[in-house]
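S.K.: Okay, here's the structure, questions in a sec.
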Ligand code: KE4
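Numbering (our numbering), first residue to last: 661 to 1088.
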């Protein structure tokens, strides 16, 4: 399998793009080798510029719950583009998508569309600070909420993958109000709330963690956070950029029956085009400009192409899809675990519906510290062995594998067969 054209493009790319990429995790620096340049994709498959075809489990990091380039989406985007790509003015379709979001997420009484998950979380925290008059926030070790300054403390995803959980360039003042607690550790949160009583504006949490790898919430964790926030006048912010429309059509808040004060969305809500959103209680959102003084704006916010892709993606989501995705996810998770068992490779697979992460560690992974026990070098060898067998997993141990409606049982069984062979080659 030649990857000569990708290698040549990567050489060229590194002369203009920092690290040759536009987002760090894509650079393969955590798994070795140089990144594949993708030429096209369809359904559950991507094809690189050398013509190699793979079953894709990155799926653009989550937005593509219907798979790559569904025919209906391509048609809808073509028709929308003919009417113009962006007006910088209100449109009917952004209202329609907003109403659809509220239908799926009853806690979101008002919503503002932005262009990324980062913008959504940055704006939600600004709003929480304005609404409470408080400055501090609690985030969780290994939680990733985009690259906004306040969040780059013990951040997950690419920040952990690169071993730089706290980034240079972030002045101490920018994270000085960011308090950290281990994920799934309610006692640690209680201690922080008691110590900092009256100064915490928000607790921001991935209700199903995806950026230290997949780590589901422990029983009672989310309900405990909800009660803690109510007791201390703290706003509960669910970062559902991954779990929104992914864990269910109403996200993790529907699955666990928890009503946050604010929710951040992204990924699926844009169907593969740049969209983020934040929303929640009407009294809070009324503070957002121009209805209130909290400033936030965006040239391309709510642009008609992205709204078209988002509406096309979220409108047809039905419970049956989630049942099918969960069954496929379970099949893949147990198949990977079985492959590791046969090869005597230490592996702990965390899964939730259509997302999962195989951690190369003996111990259960319940938080960032236990996730960090994973053998990232072994994950790198596994990644390369899978790539050589036509499977494209996330190029990082600390990311989620994503399934879509386009993945078939045959794809999953092919993946498991490849894993059985790969596992036999990765022991040192
Ligand atoms: P974006 O700014 O990348 O659209 O969203 C930031 C973000 C916010 N919240 C959560 C829970 C997220 O997972 C993300 C982004 N996710 C990563 C993958 N784990 C994006 C991939 C990348 O950085 O290239």
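From the three backbone atoms N, C-alpha and C, an ideal C-beta is built for every residue, glycine too.
Is the region 753 to 770 close to the region 918 to 925, with three or more CB pairs under 8 Å?
M.R.: As far as the Cβ criterion goes, the region 753 to 770 touches the region 918 to 925, which means the pair count is three or higher.
S.K.: Here's a check: name, in chain order, each residue in its chain whose Cβ is nearer than 7 Å to the Cβ of residue 808, leaving out the five neighbours to either side.
M.R.: Counted from its first residue, the chain shown places residue 808 at position 148. Counting only Cβ-Cβ distances below 7 Å, and skipping sequence neighbours, we find 778, 781 and 782.
S.K.: Just to confirm my understanding: we take residue 707, look at its own chain, exclude 5 residues before and 5 after, and list those with CB closer than 6 Å. What are they?
M.R.: Translated into positions along the chain shown, residue 707 becomes position 47. Result list for residue 707: 699, 700 and 713, in chain order.
S.K.: Can you look up residue 933 in the DSSP assignment and give me helix, strand or coil?
M.R.: On the chain shown, residue 933 is found 273 positions in, with the first residue counted as 1. Residue 933: strand per DSSP, three-state reduction.
S.K.: Quick one: measure Cβ to Cβ for residue 950 and residue 751, integer angstroms, because I've assumed they're closer than 8 Å.
M.R.: Taking the first residue of the chain shown as position 1, residue 950 is located at position 290. Taking the first residue of the chain shown as position 1, residue 751 is located at position 91. That pair is no contact at about 17 Å.
S.K.: Please tell me whether, using a cut-off of 6 Å, the distance from the CB of residue 805 to the nearest non-hydrogen atom of ligand 1 is below it.
M.R.: As a first step, residue 805 is located in the chain shown; it is residue number 145 there, counting from the start. Answer for residue 805: yes, Cβ within range of ligand 1.
S.K.: Quick one: give me the first and last residue of the beta strand (DSSP E) that residue 899 is part of.
M.R.: For this step, residue 899 is matched to residue 239 along the chain shown. 895 to 899 is the extent of the beta strand (DSSP E) around residue 899.
S.K.: Specify, as a first and last residue, the run of the beta strand (DSSP E) that residue 799 falls within.
M.R.: Sequence index remark: in the chain shown, residue 799 carries index 139 (1-based). Per DSSP, residue 799 belongs to the beta strand (DSSP E) from 796 to 800.
S.K.: Measuring only the C-alpha atoms, how far is residue 1031 from residue 1022?
M.R.: Here the question's residue 1031 lines up with position 371 in the chain shown. Here the question's residue 1022 lines up with position 362 in the chain shown. Rounded to the nearest angstrom, the two C-alpha atoms are 11 Å apart.
S.K.: Give me, in chain order, the residues of the same chain whose beta-carbon lies closer than 7 Å to that of residue 1035; leave out the 5 immediate sequence neighbours on both sides.
M.R.: Translated into the one-based positions of the chain shown, residue 1035 becomes position 375. Excluding residues within five positions, the ones whose Cβ falls inside 7 Å are 1020 and 1021.
S.K.: Beta-carbon within less than 6 Å of residue 911's beta-carbon, same chain only, minus the 5 sequence neighbours each way: which residues are those?
M.R.: As a working note, residue 911 is residue 251 in the chain shown. If we look at residue 911 and ignore the five residues flanking it on each side, its Cβ neighbours are 900, 903 and 904.
S.K.: With DSSP run on the structure shown, which of helix, strand or coil describes residue 702?
M.R.: The residue you call residue 702 lines up with position 42 of the chain shown. In the structure shown, residue 702 sits in a strand (DSSP, three-state: E or B).
S.K.: According to the neighbour-count rule (16 or more other Cβ atoms, all chains shown, within 10 Å of its Cβ), is residue 1088 buried or exposed?
M.R.: Translated into the one-based positions of the chain shown, residue 1088 becomes position 428. Exposed, by the Cβ-count rule.
S.K.: For residue 1008, which option in 1039, 1014 and 982 has the closest C-alpha, if you only look at C-alpha atoms?
M.R.: As a position in the chain shown, residue 1008 is number 348, starting the count at 1. Comparing Cα positions, the closest option is 1039.
S.K.: Can you list, in chain order, the residues of its chain whose CB lies under 7 Å from that of residue 710, leaving out five sequence neighbours each side?
M.R.: Counting from one through the chain shown, the residue named residue 710 turns up at place 50. The answer, listed in chain order, is 662, 663, 664, 665 and 666.
S.K.: Under 7 Å between the Cβ atoms of residue 884 and residue 846?
M.R.: As a working mapping, residue 884 is identified with position 224 in the chain shown. As a working mapping, residue 846 is identified with position 186 in the chain shown. Yes; because the gap between Cβ atoms is below 7 Å, this pair is in contact.
S.K.: Can we count residue 1015 as close to ligand 1, meaning its CB is less than 6 Å from some heavy atom?
M.R.: For the purposes of this step, residue 1015 is identified with residue 355 of the chain shown, where counting begins at 1. Result no, Cβ not under 6 Å from ligand 1.
S.K.: Are the region 1069 to 1079 and the region 830 to 838 touching by the rule of at least three beta carbon pairs closer than 8 Å?
M.R.: No: the two stretches stay apart, fewer than three of their Cβ pairs being nearer than 8 Å.
S.K.: DSSP beta-bridge partners for residue 924?
M.R.: For the purposes of this step, residue 924 is taken as residue 264 along the chain shown, with counting starting at 1. Note: residue 924 sits in a beta bridge opposite 899 and 938.
S.K.: Looking at residue 736: is its Cβ nearer than 7 Å to the Cβ of residue 972?
M.R.: Here the question's residue 736 lines up with position 76 in the chain shown. Here the question's residue 972 lines up with position 312 in the chain shown. Yes; because the gap between Cβ atoms is below 7 Å, this pair is in contact.
S.K.: By DSSP, does residue 908 sit in helix, in strand, or in coil?
M.R.: Residue 908 sits at position 248 when you count from the first residue of the chain shown. Three-state result, residue 908: strand.
S.K.: Exposed or buried, what is residue 676 when buried is set at 16 or more other beta-carbons lying within 10 Å of its beta-carbon?
M.R.: In the chain shown, counting from the first residue as 1, residue 676 sits at position 16. Answer is exposed; the Cβ neighbour count stays below 16.
S.K.: Is any non-hydrogen atom of ligand 2 found closer than 6 Å to the C-beta of residue 901, if you look at the structure I gave you?
M.R.: With respect to ligand 2, the structure offers nothing, as its ligand set consists of ligand 1.
S.K.: Any heavy atom of ligand 1 closer than 6 Å to the CB of residue 1030?
M.R.: Counting from 1 along the chain shown, the entry for residue 1030 is found at position 370. No - ligand 1 has no heavy atom lying nearer than 6 Å to the Cβ of residue 1030.
S.K.: Is residue 778 near ligand 1, with its Cβ less than 6 Å from a heavy atom?
M.R.: Within the chain shown, residue 778 is the residue found at index 118, counting from 1. Yes.
S.K.: Helix, strand or coil for residue 716 per DSSP?
M.R.: As a working note, residue 716 is residue 56 in the chain shown. Reduced to three states, the DSSP call for residue 716 is strand.
S.K.: Excluding the five sequence neighbours on either side, which residues of its own chain have a C-beta within less than 8 Å of the C-beta of residue 886, listed in chain order?
M.R.: For the purposes of this step, residue 886 is identified with residue 226 of the chain shown, where counting begins at 1. Same-chain partners within the cutoff: 896, 918, 919 and 920.
S.K.: Using a Cβ-based criterion (distance less than 6 Å to any ligand heavy atom), does residue 689 qualify as near ligand 1?
M.R.: On the chain shown, residue 689 is found 29 positions in, with the first residue counted as 1. It does not: the Cβ of residue 689 is nowhere closer than 6 Å to a heavy atom of ligand 1.
S.K.: So is residue 943 buried or exposed if we call it buried at 16+ other beta carbons inside 10 Å?
M.R.: Stepping through the chain shown from its first residue, residue 943 is reached at position 283. Classification of residue 943: exposed, given that the 10 Å Cβ count is below 16.
S.K.: Among the residues of its own chain, which have a CB less than 7 Å from the CB of residue 688, if the five just before and after it don't count?
M.R.: Taking the chain shown and counting its residues from 1, one reaches residue 688 at position 28. Excluding sequence neighbours, residue 688 sits near 694, 695 and 1055.
S.K.: Closest by CA to residue 927, which one among 957, 974, 941 and 892?
M.R.: Within the chain shown, numbered from 1, the residue matching residue 927 stands at position 267. The option with the nearest alpha carbon to residue 927 is 974.
S.K.: Does the separation of the CB atoms of residue 865 and residue 988 fall below 7 Å?
M.R.: The residue labelled residue 865 in the question sits at position 205 within the chain shown. The residue labelled residue 988 in the question sits at position 328 within the chain shown. Result no, Cβ atoms of residue 865 and residue 988 do not sit closer than 7 Å.
S.K.: Rounding to the nearest angstrom, what Cα-Cα distance links residue 1082 and residue 1010 in this structure?
M.R.: As a position in the chain shown, residue 1082 is number 422, starting the count at 1. As a position in the chain shown, residue 1010 is number 350, starting the count at 1. Their Cα atoms are separated by approximately 19 Å.
S.K.: Just tell me which of 889, 771 and 933 has its CA closest to the CA of residue 734.
M.R.: Within the chain shown, residue 734 is the residue found at index 74, counting from 1. That would be 933, whose Cα lies nearest to the Cα of residue 734.
S.K.: Is the beta carbon of residue 868 sitting closer than 7 Å to the one on residue 876?
M.R.: The residue you call residue 868 lines up with position 208 of the chain shown. The residue you call residue 876 lines up with position 216 of the chain shown. It is a contact, given that the beta carbons lie within the stated cut-off.
S.K.: Mind checking residue 817: buried by the 16 CB within 10 Å criterion, or exposed?
M.R.: On the chain shown, residue 817 is found 157 positions in, with the first residue counted as 1. So residue 817 ends up on the buried side.
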